[in-house]
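Q: Submitted below is the structure of interest, expressed as structure tokens.
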Amino acid sequence: MNYLEHIGKYFLMLKQVFKKPQKWSVFREMLFREIEDLGLKSLGIITFISFFVGGVVAIQTALNVDSPFIPKYLIGFATKRSMILEFAPTFMCVILAGKVGSYISSSIGTMRVTEQIDALEVMGINSLNYLVLPKIIATLFFYPLLITLAMFLGIFGGYTAGVLTDLFYTEDFIYGIQLDFNPYFVKYALTKTLVFAFVIATIPAYHGYYVKGGSLEVGRASTQAVVWTSVVIILLNYFLTQMLLG
Amino acid sequence: MIEVTDLYKEFNGVPVLKGITTTFEKGKTNMIIGQSGSGKTVFLKCLLGLHKPDKGIISFDGRKHTELDITTQRQLRQEIGMVFQGGALYDSLTVEENIMFPLKMFADQPRSEMLDRVNFVLKRVNLNDANKKFPAELSGGMQKRVAIARAIVMKPKYLFCDEPNSGLDPNTATVIDNLIQEITDEYQIITIINSHDMNSVMEIGEKIVFLKNGVKAWEGTNKDIFKTENEAIVKFVYSSNLFKKVREAYLNETK
Chain W
1 MNYLEHIGKY FLMLKQVFKK PQKWSVFREM LFREIEDLGL KSLGIITFIS
51 FFVGGVVAIQ TALNVDSPFI PKYLIGFATK RSMILEFAPT FMCVILAGKV
101 GSYISSSIGT MRVTEQIDAL EVMGINSLNY LVLPKIIATL FFYPLLITLA
151 MFLGIFGGYT AGVLTDLFYT EDFIYGIQLD FNPYFVKYAL TKTLVFAFVI
201 ATIPAYHGYY VKGGSLEVGR ASTQAVVWTS VVIILLNYFL TQMLLG
Chain H
1 MIEVTDLYKE FNGVPVLKGI TTTFEKGKTN MIIGQSGSGK TVFLKCLLGL
51 HKPDKGIISF DGRKHTELDI TTQRQLRQEI GMVFQGGALY DSLTVEENIM
101 FPLKMFADQP RSEMLDRVNF VLKRVNLNDA NKKFPAELSG GMQKRVAIAR
151 AIVMKPKYLF CDEPNSGLDP NTATVIDNLI QEITDEYQII TIINSHDMNS
201 VMEIGEKIVF LKNGVKAWEG TNKDIFKTEN EAIVKFVYSS NLFKKVREAY
251 LNETK
């Protein structure tokens, strides 16, 4: 199947996904389950990575800025900017594409090969709407919160690195993070997060839903899903940056 | 009554069903048999609406399934119960939740009433004390019973079973066969079973449709199957010595 056919099939899938849920109470139940599976269960890894990435960015900047003509508050400023603009929305979403994408793809793929999706269809349930829509809503709702948390933790990680390494004064760092704060950058980061959240929920769902074969094919679909989700995130990141900041 | 007229289906230019015409009546256990690759599963999936036929008509009590839009097709499917080969139970749900699932989706009942219905069907399939267990904790036979319970919980008019006995020991297979037949008689539904198991065919096959290379090669009852001279079905059913002897004994007895 060529790429154009996949793209067409993906959009036809979305057409089935965006239908009114057949029963709101069941949809609500699924939504809370997905918020837990796709959002809350990712809190740990996002906390851990963003904290250390923030620390590393601060240390790297401190080690590379040793000229007396460059003010030390630039370390805090650079950490804040890189966390808000790139590391939190893009890097964390690529991490989530790996963690959550493989989960979505393999869980839906297993349902496909064990005929559980056929069972839904035979019952008269729109399986795409039932399985995918709660995932989209859950990621759209929860990932902006997760990424905002990642921004704070990244900056806090940078501050902690300063305290622990004595590479810069914490007063300088705090001055740097307060300097020239532009709320539009947060808006830009959250806009990107919403787009990436949609991609993380739908591309792996597509790969899982249309899998054919057995467990080996489910594994392959899962790998494909992670690769394509990451590729699409990176490409969209480029275009969104050009559109929103260019 | 389910009426199938001139049903055609092909995949990538390869014909799988080549003009099948047959009917399935209310209160009868109908069986579709045939070798692997004969088109049984595709036929069943066409009846269920999981495959769209290329040509032909499938009519459920006068409602032409093949001509309905997807929303009306989904409404019709709510009258269908299906037992899949592997059970197709939802791994993350308990037995109780699995059976309650169609009720939660389509019935506007309080939870207590749904629970009563779940317990009733569980009792009907002789499965007690399994409510809180997950499918992975059940034996193959128990999973099949849960699948049957889930299929009948909505009081369907049509029951479809894909190889309900596969992977079961002969004793459990007989229990499942009897259960399906009892349910068919009790609720007066149309039951269609896709099977390889010749014991089931002989025991409960009130109507048998034999498919060969996508064509209906023979149809009749489990009594006719002993007497038939049709070469294709004789070769298929009596490929084992045991069944040859059973047939000889039956024919000698009825002379």
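Protein chains in written order, with full-length UniProt numbering: chain W, 1 to 246; chain H, 1 to 255.
Glycine included, each C-beta is placed from N, C-alpha and C at the ideal position.
#1: Inspect the beta-carbon positions of Val83/H and Ala147/H and report whether they are closer than 8 Å.
#2: Compare the Cα-Cα distances from Thr148/W to each of Tyr159/W, Thr114/W, Val186/W and Leu131/W and report the closest residue.
#3: Is it the case that the segment 31-38 of chain W contacts the segment 132-151 of chain W, given that we only count it when at least three CB pairs across the two stretches are under 8 Å?
#4: Classify Ala249/H as buried or exposed, calling it buried when 16 or more other Cβ atoms lie within 10 Å of its own Cβ.
#5: Less than 8 Å between CB atoms is the rule here; does Glu115/W satisfy it with respect to chain H?
#6: Compile a chain-ordered list of the residues in the segment 22-45 of chain W whose CB is closer than 7 Å to at least one CB of chain H.
#7: What are the boundary residues of the beta strand (DSSP E) that includes Met82/H?
#8: Please tell me whether Tyr250/H has its Cβ less than 8 Å away from any Cβ of chain W.
#9: Look at Gly213/W and Ala225/W and say whether their C-beta atoms are less than 8 Å apart.
#10: Please classify Val209/H: does DSSP put it in a helix, a strand, or coil?
#11: Tell me, please, whether the segment 185-194 of chain H touches the segment 146-161 of chain H by the rule of three or more beta-carbon pairs shorter than 8 Å.
#12: Nearest to Tyr121/H by alpha carbon, out of Leu211/H, Ile183/H and Gln75/H?
#13: Run through DSSP, which three-state label would Gly56/H get?
#14: How about Asp118/W: is its C-beta nearer than 8 Å to some C-beta of chain H?
#15: Compare the Cα-Cα distances from Ile7/W to each of Gly219/W, Tyr73/W and Thr202/W and report the closest residue.
#16: For Arg150/H, count the other beta carbons within 10 Å of its own beta carbon; 16 or more makes it buried, fewer makes it exposed. Which is it?
#17: Applying the 10 Å Cβ sphere with the 16-neighbour rule, what's the burial state of Tyr3/W?
#18: Could you tell me which uninterrupted alpha helix (DSSP H) segments, each at least 4 residues in length, are contained entirely in the segment 72-113 of chain W, listed from first to last along the chain?
#19: With DSSP collapsed to three states, give me the class of Ile225/H.
#20: Where does Met31/H sit, in a helix, a strand or coil, going by DSSP?
#21: Is the segment 63-76 of chain H in contact with the segment 84-100 of chain H, if contact means three or more CB pairs nearer than 8 Å?
#22: In whole angstroms, give me the CA-to-CA distance for residue 262/W and Leu179/W.
#23: Under 7 Å between beta-carbons, which chain H residues line up against Gly124/W? List them in chain order, please.
#24: With burial defined as no fewer than 16 other Cβ atoms inside 10 Å of the residue's Cβ, what is the status of Asp169/H: buried or exposed?
#25: Helix, strand or coil for Lys187/W, going by three-state DSSP, please let me know.
#26: Over the uninterrupted alpha helix (DSSP H) stretch that includes Asp6/H, give me the two end residues.
A: In short:
#1: Looking up residue 83/H in the second sequence gives position 83. Looking up residue 147/H in the second sequence gives position 147. Going by C-beta atoms, Val83/H is nearer than 8 Å to Ala147/H.
#2: What you label residue 148/W is simply residue 148 of the first sequence in a count that begins at 1. The shortest Cα separation from Thr148/W among Tyr159/W, Thr114/W, Val186/W and Leu131/W belongs to Val186/W.
#3: Look at the beta carbons and you see the segment 132-151 of chain W touching the segment 31-38 of chain W: at least three pairs across the two are nearer than 8 Å.
#4: The residue you call residue 249/H lines up with position 249 of the second sequence. By the 10 Å Cβ count, Ala249/H comes out exposed.
#5: On the first sequence, residue 115/W is found 115 positions in, with the first residue counted as 1. Interface residue, yes.
#6: Those would be Gln22, Lys23 and Val26, in chain order.
#7: Sequence index remark: in the second sequence, residue 82/H carries index 82 (1-based). Counting along the chain, the beta strand (DSSP E) containing Met82/H begins and ends at Ile80 to Val83.
#8: On the second sequence, residue 250/H is found 250 positions in, with the first residue counted as 1. No, its Cβ sits nowhere closer than 8 Å to a Cβ of chain W.
#9: On the first sequence, residue 213/W is found 213 positions in, with the first residue counted as 1. On the first sequence, residue 225/W is found 225 positions in, with the first residue counted as 1. No, they are not a contact pair.
#10: Looking up residue 209/H in the second sequence gives position 209. Shown here, Val209/H sits in a strand according to DSSP, grouped into three states.
#11: Using a Cβ-Cβ distance cut-off of 8 Å, the segment 185-194 of chain H and the segment 146-161 of chain H are in contact, since at least three pairs of beta carbons, one from each stretch, lie closer than that value.
#12: Counting from one through the second sequence, the residue named residue 121/H turns up at place 121. Per the sequence shown, residue 121/H should be read as Val rather than Tyr. Checking every option, the nearest Cα to that of Val121/H belongs to Ile183/H.
#13: Here residue 56/H refers to the residue found at position 56 when the second sequence is read from its first residue. Here Gly56/H sits in strand by DSSP.
#14: Counting from 1 along the first sequence, the entry for residue 118/W is found at position 118. By this cut-off, Asp118/W is an interface position.
#15: Translated into the one-based positions of the first sequence, residue 7/W becomes position 7. A check of alpha carbon separations from Ile7/W across Gly219/W, Tyr73/W and Thr202/W identifies Thr202/W as the nearest.
#16: For the purposes of this step, residue 150/H is taken as the residue at position 150 of the second sequence. Classification of Arg150/H: buried, given that the 10 Å Cβ count is 16 or more.
#17: Indexing the first sequence from 1 puts residue 3/W at position 3. By the 10 Å Cβ count, Tyr3/W comes out exposed.
#18: Taking only runs of at least 4 residues, the alpha helix (DSSP H) segments lying wholly in the segment 72-113 of chain W are 73-82 and 92-113.
#19: Here the question's residue 225/H lines up with position 225 in the second sequence. Ile225/H falls in the helix class under three-state DSSP.
#20: In the second sequence, the residue the question calls residue 31/H occupies position 31. Of the three classes helix, strand and coil, the one that applies to Met31/H here is strand, per DSSP.
#21: Touching, no.
#22: The displayed coordinates of chain W run from 1 to 246. Any statement about residue 262/W would go beyond what the structure contains.
#23: Taking the first residue of the first sequence as position 1, residue 124/W is located at position 124. Residues of chain H passing the Cβ test: Arg74, Gln75, Arg77 and Gln78.
#24: Position 169 of the second sequence, counting from 1, holds the residue named residue 169/H. Around the CB of Asp169/H, fewer than 16 other CB atoms lie within 10 Å, so the residue is classed as exposed.
#25: Position 187 of the first sequence, counted from the first residue, corresponds to residue 187/W. DSSP places Lys187/W in the helix class (H, G or I) of the three-state scheme.
#26: Residue mapping note: residue 6/H aligns to position 6 of the second sequence, counting from 1. No alpha helix (DSSP H) holds Asp6/H; the beta strand (DSSP E) holding it covers Ile2 to Phe11.
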